[in-house]
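Numbering (the working numbering), first residue to last: 105 to 398.
Take a look at the structure below.
Okay, here's the thing in structure tokens:
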């Protein structure tokens with residue numbers, strides 16, 4: 105049996121889920137110019153909130169997931185107001201350290217609030233596998249991929265057609281020029297963090313349905329860095345392509361290389377691919393090559 109088509113399909117599904125987490129990262133970069141090192145921890149918090157609403161509160165998924173997104177959007181607003189806004193005129197290093205501190209705080213806070221026991225997210229989908237071009241795939245994976253791509257498409261429409269989406273794009277291009285044209289930068293920052301929080305809740309639901317919810321879910325935030333950098337750090341199209349590349353590379357390396365080296369190479373392969381791409385194109389596949397005057 106030729107396993108290559110199955111591996112490619114698994115990689116595409118994995119890549120779509122990586123791209124979903126990367127959207128929150130890109131939103132914060134485009135909206136507030138901050139590289140958020142706490143995105144994985146926000147996904148962890150979103151996963152626990154969703155699991156709590158679905159499991160302990162007994163809400164149906166159609167209610168629990170939007171409610172979790174609203175709660176995490178509020179959490180994003182709090183982060184922007186308490187952590188980011190006081191440092192808006194500080195260096196990028198200060199902002200990086202602030203998001204790193206936020207990640208550490210959330211790692212300790214989540215077990216205090218929800219306990220350290222792993223949680224499961226009851227799947228709203230039939231457990232039977234679905235056949236895709238003759239390949240058998242768990243139904244939850246297919247639905248998670250479809251929902252992830254739909255969410256990314258909605259964010260792209262938001263950027264292309266709405267007032268605040270266009271304001272985020274302007275702020276991403278040149279914050280000072282955007283402010284001089286009357287764009288309220290602080291409001292743009294707040295909206296970016298709110299949407300990133302909602303994306304984290306959605307990502308926690310999608311990943312938690314597949315992997316379960318425990319402290320290891322925060323590690324997904326580390327694995328999306330190759331996706332974001334490959335895509336160009338502020339490009340939505342880039343995170344989709346980068347997610348597919350990373351997902352397929354991880355799937356192929358896990359199957360073909362792991363047995364030869366004793367395991368673990370599937371997680372290393374995207375990082376090696378990242379190094380190769382950056383040597384050829386340092387600003388990513390869809391990044392902008394900025395030229396500054398000296």
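Virtual Cβ for every residue (Gly too), placed ideally from N, Cα, C.
Within its chain, find whatever has a CB closer than 8 Å to the CB of residue 371; leave out the 5 residues flanking it on each side and keep chain order. Locating residue 371 in the chain shown gives position 267, where the first residue counts as 1. Closer than 8 Å at Cβ, skipping near neighbours: 327 and 354.
Three or more C-beta pairs under 8 Å: does that hold for the region 129-143 against the region 262-280? yes
Once DSSP output is grouped into helix, strand and coil, what is the label at residue 107? Walking along the chain shown from the start, residue 107 turns up at place 3. Correct three-state label for residue 107: coil.
Rounded to whole angstroms, what is the Cα-Cα separation between residue 335 and residue 223? One-based indexing of the chain shown puts residue 335 at position 231. One-based indexing of the chain shown puts residue 223 at position 119. Distance between the alpha carbons of residue 335 and residue 223: 32 Å.
Beta strand (DSSP E) containing residue 384: first to last residue? Locating residue 384 in the chain shown gives position 280, where the first residue counts as 1. That residue, residue 384, is in no beta strand (DSSP E); its alpha helix (DSSP H) goes 369-384.
From 311, 357 and 295, residue whose alpha carbon lies closest to that of residue 111: Here residue 111 refers to the residue found at position 7 when the chain shown is read from its first residue. Looking at the Cα atoms, 357 is the closest of the given residues.
Do the CB positions of residue 304 and residue 147 come within less than 8 Å of each other? Here the question's residue 304 lines up with position 200 in the chain shown. Here the question's residue 147 lines up with position 43 in the chain shown. Against a cut-off of 8 Å, the Cβ pair of residue 147 and residue 304 comes out as a contact.
Just the Cα atoms here: how many angstroms apart are residue 321 and residue 283? Mapped onto the chain shown, residue 321 falls at position 217. Mapped onto the chain shown, residue 283 falls at position 179. In a straight line, the C-alpha of residue 321 is about 37 Å away from that of residue 283.
Buried/exposed call for residue 196, threshold 16 Cβ in 10 Å: Against the chain shown, residue 196 aligns to sequence position 92. Under this definition residue 196 is an exposed residue.
Per the DSSP calculation, residue 211 is bridged to which residue(s)? Taking the chain shown and counting its residues from 1, one reaches residue 211 at position 107. Its beta-bridge partners do not exist; DSSP assigns none.
Quick one: residues in its chain with C-beta nearer than 7 Å to the C-beta of residue 313, no 5 flanking neighbours on either side, listed in chain order? Sequence index remark: in the chain shown, residue 313 carries index 209 (1-based). Same-chain partners within the cutoff: 225, 227, 244 and 248.
In three-state DSSP terms, what is residue 398? Position 294 of the chain shown holds residue 398. Bear in mind that the predicted position of residue 398 carries a pLDDT of just 47, short of 50, making it unreliable; the figure below should be weighed with that in mind. Three-state DSSP puts residue 398 in coil, outside helix and strand.
Provide the residue span of the alpha helix (DSSP H) that contains residue 350, from first to last. Within the chain shown, residue 350 is the residue found at index 246, counting from 1. Run containing residue 350: 340-360, per the alpha helix (DSSP H) assignment.
For residue 239, report the span of its alpha helix (DSSP H) as first-last. As a working mapping, residue 239 is identified with position 135 in the chain shown. Residue 239 -> not in any alpha helix (DSSP H); beta strand (DSSP E) instead, spanning 239-241.
Would you kindly work out how many angstroms separate the C-alpha atoms of residue 337 and residue 376, rounded to a whole number? Locating residue 337 in the chain shown gives position 233, counting from the first residue. Locating residue 376 in the chain shown gives position 272, counting from the first residue. Using only the alpha carbons, I get a separation of about 18 Å.
Is it true that the CB of residue 339 sits closer than 8 Å to the CB of residue 390? Reading the chain shown from its first residue, position 286 is the one you call residue 390. Reading the chain shown from its first residue, position 235 is the one you call residue 339. Yes. Within cutoff.
Within the same chain, show all residues whose beta-carbon is closer than 7 Å to that of residue 331, passing over the 5 residues directly before and after it, in chain order. To locate residue 331, count along the chain shown from 1; it is residue 227. Here the set comprises 122, 123, 126, 343, 346, 347 and 350.
Beta-carbon proximity list for residue 323, same chain, < 7 Å, skipping 5 on both sides: Position 219 of the chain shown, counted from the start, is the residue given in the question as residue 323. Closer than 7 Å at the Cβ level, and outside the excluded window around residue 323, lie 144.
Let me know the alpha helix (DSSP H) ranges lying completely inside the region 151-205, each 4 residues or longer, listed in chain order. 165-183
Excluding five sequence neighbours on each side, which residues of the same chain lie with their C-beta closer than 6 Å to the C-beta of residue 238? Counted from its first residue, the chain shown places residue 238 at position 134. Excluding positions up to five away in sequence, the list is empty.
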